[in-house]
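Structure, as structure tokens:
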Amino acid sequence: KNEVEQSPQNLTAQEGEFITINCSYSVGISALHWLQQHPGGGIVSLFMLSSGKKKHGRLIATINIQEKHSSLHITASHPRDSAVYICAVSFNNDMRFGAGTRLTVKP
Amino acid sequence: EAGVVQSPRYKIIEKKQPVAFWCNPISGHNTLYWYRQNLGQGPELLIRYENEEAVDDSQLPKDRFSAERLKGVDSTLKIQPAELGDSAVYLCASSLRGQGRDEQFFGPGTRLTVL
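Respectively, the protein sequence lines represent chains A and B. Note that the numbering used here numbers the first sequence so that position 36 is 59, with each residue one more than the last. Note that the numbering used here numbers the second sequence so that position 27 is 12, with each residue one more than the last.
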């Protein structure tokens, strides 16, 4: 079983919709990361958090340490948000990645 | 400030041929990672360097894969000979470890296709 599970695997939304991507993990972590990967492979770090909530523009990330769960929210989604969103956790000087959620936002 | 640089961006080779990927991390970052990402999956760690020392290479297929980071700066990952199953995106990342600064910065990746 993968230490990091994401859902949904694929998500299609209409422009303007509120989007939620979920991540559950099974190990004790020092930090959780949300990453964005566009076609072509490059990965960009969106958030690194160890508690509570962070907001950057239309993106919001929350984490519940007790429940070992995190969510990434996108408000007022736009076609340029279309990408793969990856949840990753840091623990024991190591990092584990979820399989990613492929988001497609249609105009 | 320049990010993590990787080259080439794309590589197509025939099976049994050798291939090498190069990575230059962000200046000052002491930790360098090589990942392999198969289609539809998250990255999987191949090797992690702390300066010039490989501190975690447990997932590196050592019969055909090798890596080096001789001066603790840039790094090369080699596959010899390549197999069809090696087709993937090879990602390099770097970080400044210590004092909780373990955020990794990723390069654009090298997309390898083995025919």
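For every residue, glycine included, the Cβ atom is placed at its ideal position computed from N, Cα and C.
(request) Could you check what DSSP says for residue 119 (chain A) in three-state terms: helix, strand or coil? (result) Strand, per DSSP.
(message) According to DSSP, is residue 100 (chain B) part of a helix, a strand, or is it coil?
(response) Reduced to three states, the DSSP call for residue 100 (chain B) is coil.
(request) Note down, in chain order, each residue of its chain lying with its Cβ closer than 7 Å to the Cβ of residue 54 (chain B), except the 5 sequence neighbours on either side. (result) Cβ neighbours of residue 54 (chain B) beyond the five flanking positions: 17, 34, 37, 60.
(request) Name the residue from A:41, A:105, A:107, A:121 whose alpha carbon lies nearest to the alpha carbon of residue 55 (chain A). (result) Residue 55 (chain A) has its Cα closest to that of A:121, out of A:41, A:105, A:107, A:121.
(message) In the DSSP output, what is residue 76 (chain B) paired with across the bridge?
(response) Beta-bridge pairing links residue 76 (chain B) to B:20.
(request) Could you tell me the distance, in whole angstroms, from the CA atom of residue 74 (chain B) to the CA atom of residue 66 (chain B)? (result) When rounded, the distance between both Cα atoms is 17 Å.
(request) Please report how far the alpha carbon of residue 97 (chain A) lies from the alpha carbon of residue 53 (chain A), in whole angstroms. (result) Roughly 24 Å separates the two Cα atoms.
(request) Using a Cβ-Cβ cut-off of less than 8 Å, list which residues of the segment 59 to 81 of chain A approach chain B; keep chain order. (result) Cβ contacts with chain B: 63, 64, 65, 66, 67, 68, 71.
(request) Could you spell out the range, first to last residue, of the beta strand (DSSP E) harbouring residue 89 (chain B)? (result) That residue, residue 89 (chain B), is in no beta strand (DSSP E); it is neither H nor E in DSSP.
(message) So for residue 49 (chain B), helix, strand or coil by DSSP?
(response) Here residue 49 (chain B) sits in coil by DSSP.
(request) Could you check what DSSP says for residue 59 (chain B) in three-state terms: helix, strand or coil? (result) Looking at residue 59 (chain B) - three-state DSSP - the assignment turns out to be coil, as it is neither helix nor strand.
(message) Counting only beta-carbon separations shorter than 8 Å, does residue 76 (chain B) have a partner in chain A?
(response) So, interface residue.
(request) May I ask you to list the residues that DSSP assigns as paired with residue 107 (chain A)? (result) Residue pairing of residue 107 (chain A) in beta bridges, as defined by DSSP: A:60, A:125.
(request) Let me know if residue -3 (chain B) comes out buried or exposed under the rule of 16 or more other beta-carbons within 10 Å of its beta-carbon. (result) Flag for residue -3 (chain B) reads exposed.
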